[in-house]
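Below you'll find the structure, written out as structure tokens, and then a few comments.
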Ligand code: GLA
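In my numbering, the protein residues as written are 111 to 537.
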């Protein structure tokens, strides 16, 4: 979740006159003769029309063929209980939006705050098991998210007597080691784990690149110790668990996941943390960076590419994963994400966003999938399947958003067609 997102302040032009809304609702129905968009067309006369949904090729197969990698992972954050046909046709990987996060997997014991010295917390694997079972039954890759995140850290991890800092740190360390081992062993299906999520600070080019308000950072800091060591520990414990599982970096990637890596000042922090893990000297492995890429409609693809090449530049055979891709139809200023009101966030388009915006979104998605076509990028995950279910309808404000490749009916949008067919004309 973004607390701050830095975006170029560009005033949105509300094109109310464009009544097309081609990707919305009945978006699969070709507009009546003459078209419904005022945008220009390059398709030899008429306004380009959305191809029939039944003619849609598999997204994952199309990208795998284009990238020359038959087993390429194109995934989505999904609910395994709904929309299975769409998932199985278009995606070769799934991710749990919340079901594998620590507060779900190992919550505080019922009726406690987790603040007692020996919290009777118990594992709760049922929701995550559903993903692992779905993955195994359907031969879909399982990309696992996340072993550690400050926003979903149950307080039992940090319970204990802080008056003896050495013992306290050892206790917290042991809990982290035990947790990571137990969860990695529970779901050996995972081809990648986001070992840590969002551990970098948002302060551009910070002296201390770590997020200091994380309960992990705070716990490790007790007694004046180095709070950042929990990140190296998490990778060390994940590496040890992976070794014990008989797995390695070719079949189980250990990743650092974060947002705004397309913003240079935040990216610098992320890269320094990756280097800290690479240089830890403890035996901790890190295999790459997960770039969330929650982008706005005016995102700069050159900066997306810069994020990918920066990771390549660190050496060590690091890979890039695109982990939470979506493209908001809005262009919000940075203070939208702290104030979370309209304004400064852009005004709601309502249920039928202008066709011009959906077209801009399609062109951006096309450019992104071109940018992702490089050997270091080995997995792409969208943060959702259809526009009917997306976190961006409530973040940063309650507002209609349409950030994905399939519309609210589950039909392919222009963004989908722009990705799978590099030559198709967009209205
Ligand atoms: C962040 C997290 C995800 C998810 C999204 C919002 O990006 O990494 O797990 O919670 O926020 O849905």
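Think of the CB as a built atom: it goes at the ideal place given N, C-alpha and C, for glycine as much as any other residue.
*Would the C-beta of residue 527 count as close to the ligand GLA, meaning under 7 Å from any of its heavy atoms?*
no
*Beta-carbon separation of residue 295 and residue 355 under 8 Å?*
yes
*Residue burial classification, residue 523 (beta-carbon count within 10 angstroms, cutoff 16)*: With 16 or more Cβ atoms within 10 Å of its Cβ, residue 523 is classed as buried.
*Just reading off the alpha helix (DSSP H) that residue 419 is part of, what are its end residues?*
411–422
_Tell me the residue span of the beta strand (DSSP E) that contains residue 183._
Counting along the chain, the beta strand (DSSP E) containing residue 183 begins and ends at 183–188.
_For residue 470 and residue 476, the rounded distance between their alpha carbons_ = Residue 476 and residue 470: Cα-Cα distance of roughly 10 Å.
*Using 8 Å as the Cβ pair cut-off and three pairs as the minimum, do the segment 295–310 and the segment 246–257 touch?*
yes
*Specify, as a first and last residue, the run of the beta strand (DSSP E) that residue 305 falls within.*
300–307
*Give a yes or no on whether the C-beta atoms belonging to residue 348 and residue 364 are separated by under 8 Å.*
yes
*Would a C-beta distance cut-off of 8 Å place residue 158 and residue 528 closer than the cut-off?*
no
*asked:* List, from N- to C-terminal side, the beta strand (DSSP E) runs of 3 residues or more that fit wholly inside the segment 450–529.
replied: 487–492
*Can residue 257 and residue 309 be called in contact, C-beta distance under 8 Å?*
no
*Take residue 408 as the anchor and find which of 244, 369 and 440 has the nearest alpha-carbon.*
440
*Can you tell me which of 245, 264, 223 and 260 puts its alpha carbon nearest to the alpha carbon of residue 234?*
264
*Taking buried to mean at least 16 other C-beta atoms within 10 Å of its own C-beta, is residue 190 buried or exposed?*
buried
*asked:* Please report the distance separating the alpha-carbon of residue 166 from that of residue 196.
replied: 11 Å
*Mind checking whether residue 413 and residue 369 have CB atoms under 8 Å apart?*
Not a contact, by the Cβ cut-off of 8 Å.
*Could you spell out the range, first to last residue, of the beta strand (DSSP E) harbouring residue 108?*
The question about residue 108 has no answer here: the residues shown for the chain are numbered 111 through 537.
*Cβ of residue 387 within 8 Å of Cβ of residue 447?*
no
*Ordered along the chain, which non-local residues of its own chain (more than five positions away) have a Cβ less than 6 Å from that of residue 206?*
241
*Since residue 483 and residue 177 are thought to touch, with beta carbons under 8 Å apart, how far apart are those beta carbons, to the nearest angstrom?*
5 Å
*Would you list the residues sitting across from residue 177 in a DSSP beta bridge?*
For residue 177, which the question treats as bridged, DSSP gives no partner whatsoever.
*Which of helix, strand or coil DSSP assigns to residue 106*: Limits of the chain in this structure are 111 at one end and 537 at the other, which puts residue 106 out of reach.
*Tell me residue 367's beta-bridge partners as DSSP assigns them.*
307 and 400
_Outcome for residue 500 when other beta-carbon atoms lying within 10 angstroms are tallied against a minimum of 16_ = buried
*Nearest-angstrom Cβ-Cβ length linking residue 184 and residue 175, presumed shorter than 8 Å*: That pair is no contact at about 11 Å.
*asked:* Could you compute how far the alpha carbon of residue 359 sits from the alpha carbon of residue 457?
replied: 45 Å
*asked:* Could you tell me the alpha carbon to alpha carbon distance between residue 160 and residue 397, rounded to whole angstroms?
replied: CA-to-CA, the gap between residue 160 and residue 397 works out to about 40 Å.
_Using the three-state DSSP reduction, which class does residue 334 fall into: helix, strand or coil?_
helix
*Just how far apart, CA to CA, sit residue 136 and residue 519?*
Annotation note: pLDDT 28 at residue 136 (below 50); position unreliable, no value reported.
*Hey, which unbroken runs of the alpha helix (DSSP H) at 4 residues or more fall wholly within the segment 253–308?*
275–296
_Please confirm whether residue 307 has its beta-carbon closer than 8 Å to some beta-carbon of chain B._
The structure shown has no chain B; it contains just one protein chain.
*asked:* Within the continuous alpha helix (DSSP H) that includes residue 243, where are the two ends?
replied: 236–248
*asked:* Below 8 Å, how does it come out for the segment 309–322 and the segment 373–383: are there three or more Cβ pairs, yes or no?
replied: Segments in contact, yes.
_Checking the sheet assignment: what are the DSSP bridge partners for residue 196?_
DSSP output for residue 196 lists no bridge partner at all.
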